[in-house]
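A short write-up of the structure that comes next.
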Amino acid sequence: MNISSGLQAKSFCADGTHVEIKADILKWLSPQLGTNEHIFWITGIAGSGKSTLSATVVDNLGKQRTPVAAQFFISRNIPETTNADKIIPTIAQQLAEYSPAAAHIIHDTLKNWVPTSRKDQVEALLLAPIWELSKSRDTIIILIDALDELQDAAESVMEILSPIAPRDCDLPDNVRFLITSRPEHWADISGSKTLELSV
610 MNISSGLQAK
620 SFCADGTHVE
630 IKADILKWLS
640 PQLGTNEHIF
650 WITGIAGSGK
660 STLSATVVDN
670 LGKQRTPVAA
680 QFFISRNIPE
690 TTNADKIIPT
700 IAQQLAEYSP
710 AAAHIIHDTL
720 KNWVPTSRKD
730 QVEALLLAPI
740 WELSKSRDTI
750 IILIDALDEL
760 QDAAESVMEI
770 LSPIAPRDCD
780 LPDNVRFLIT
790 SRPEHWADIS
800 GSKTLELSV
């Protein structure tokens with residue numbers, strides 16, 4: 610079973626808060642920026658507002674008619690979301706709903722699918738559809754919020770990100786990964802653009 614978006618609903622930032630940070634993120638999400646940094650990692654202590662910021666960015670993008678292609682909000686208060694095995698299948702389902710081209714690739718992959726490692730899932734069900742989606746001019750945005758709240762977080766994060774992070778500079782120009790977590794060492798593996806969020 611994948612995680613429904615309703616189960617992952619978050620509150621939004623209060624008016625007038627994190628204004629500059631939101632502007633920086635929205636600017637980075639634009640494919641016209643020409644950056645080779647495709648992963649933006651927002652870190653901050655518990656309660657600093659990472660999840661509300663993420664939800665607000667998603668909401669703002671929707672209002673600008675630039676919806677995220679897939680999103681996954683993790684919360685210890687919702688145990689289903691802390692299961693790392695749910696992330697890639699849920700994102701794959703959202704990508705399939707986002708684009709018929711992605712749906713075709715994912716459907717073909719799943720025809721003869723044999724349960725494999727999370728790394729293989731990332732390659733087949735996330736990166737392959739993203740490369741197909743990148744042929745359009747749209748910005749392809751993937752959001753994963755609160756990675757540190759996964760079960761067995763250190764191991765799970767490495768399994769999910771190790772196929773993605775080394776390719777940061779090689780990802781298509783219009784692909785963006787927005788990730789949030791507490792200020793752990795995991796951000797160091799990504800070579801990504803990192804922002805420290807204060808309360």
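If you read the sequence shown in the numbering used here, its first letter stands for residue 610, the second for the next number, and so on. For every residue, glycine included, the Cβ atom is placed at its ideal position computed from N, Cα and C.
- Taking 8 Å as the upper bound for CB-CB distance, residue 786 and residue 773 are in contact here, some 7 Å apart.
- The C-alpha of residue 690 lies about 15 Å from the C-alpha of residue 701.
- Under DSSP, residue 681 takes part in a beta bridge, and its partners are 753.
- Look at the region 687 to 716 and you find these whole runs of alpha helix (DSSP H), each 4 residues long or longer: 696 to 707.
- Shown here for residue 621: same chain residues with a beta carbon closer than 7 Å to its own, the five before and five after excluded, namely 661, 664, 665 and 668 in chain order.
- Taking 9 Å as the cut-off, the Cβ atoms of residue 759 and residue 692 count as close.
- Bounds of the beta strand (DSSP E) holding residue 785 are 784 to 790.
- Residue environment for residue 651: buried (at least 16 other C-beta atoms within 10 angstroms of its C-beta).
- For residue 718, the secondary structure class from DSSP, reduced to helix, strand or coil, is helix.
- In the structure shown, residue 630 adopts helical secondary structure according to DSSP, grouped into three states.
- Per the coordinates, the alpha-carbon of residue 765 lies some 13 Å from the alpha-carbon of residue 729.
- Secondary structure at residue 773: coil, using DSSP grouped into helix, strand and coil.
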